[in-house]
Amino acid sequence: MLRSALGWFDSVWYVLDGAVLIDNETRVMAGEFFCASGAASYSLATGDHTADWLVFASSSQRPL
Numbered sequence: 228m229l230r231s232a233l234g235w236f237d238s239v240w241y242v243l244d245g246a247v248l249i250d251n252e253t254r255v256m257a258g259e260f261f262c263a264s265g266a267a268s269y270s271l272a273t274g275d276h277t278a279d280w281l282v283f284a285s286s287s288q289r290p291l
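Under this note's numbering, the first residue of the sequence shown carries the number 228, and numbering increases by one thereafter.
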């Protein structure tokens, strides 16, 4: 797990192009990132467009 000012998270989603709507409330645009918890499930949508993103994940079970 990784730690941010917002707490612990398991992966970082970085949007390269387009935009991703997470849980119908958080829009992540190109150049922005989202810290995701492995314990949560998320709804992802791109609308009528596409999006390209990178996922950075920690496979560690303990903090870095």
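A virtual CB, placed ideally from N, CA and C, is assigned to each residue, including glycine.
Since we're looking at a predicted model, the values are computed, not measured.
If the criterion is Cβ atoms closer than 8 Å, does the pair residue i and residue j meet it?
{"i": "VAL239", "j": "GLY258", "result": "no"}
{"i": "ALA272", "j": "ASP237", "result": "no"}
So is residue i buried or exposed if we call it buried at 16+ other beta carbons inside 10 Å?
{"i": "CYS247", "result": "Inspection of the sequence shows that residue 247 is occupied by Val rather than by Cys. Its Cβ being crowded by 16 or more others within 10 Å, VAL247 is buried."}
{"i": "PHE261", "result": "buried"}
{"i": "ARG230", "result": "The pLDDT assigned to ARG230 is 47, lower than 50, so where the model puts this residue is not dependable, and the model offers no usable value."}
{"i": "ALA278", "result": "buried"}
{"i": "VAL255", "result": "buried"}
What is the residue span of the beta strand (DSSP E) that residue i lies within?
{"i": "ALA278", "result": "No beta strand (DSSP E) contains ALA278, which DSSP labels as neither H nor E."}
{"i": "SER270", "result": "First-last for SER270: undefined, no H or E at that position."}
{"i": "ALA246", "result": "246 to 249"}
{"i": "ALA257", "result": "Neither: ALA257 is in no beta strand (DSSP E) and is coded neither H nor E."}
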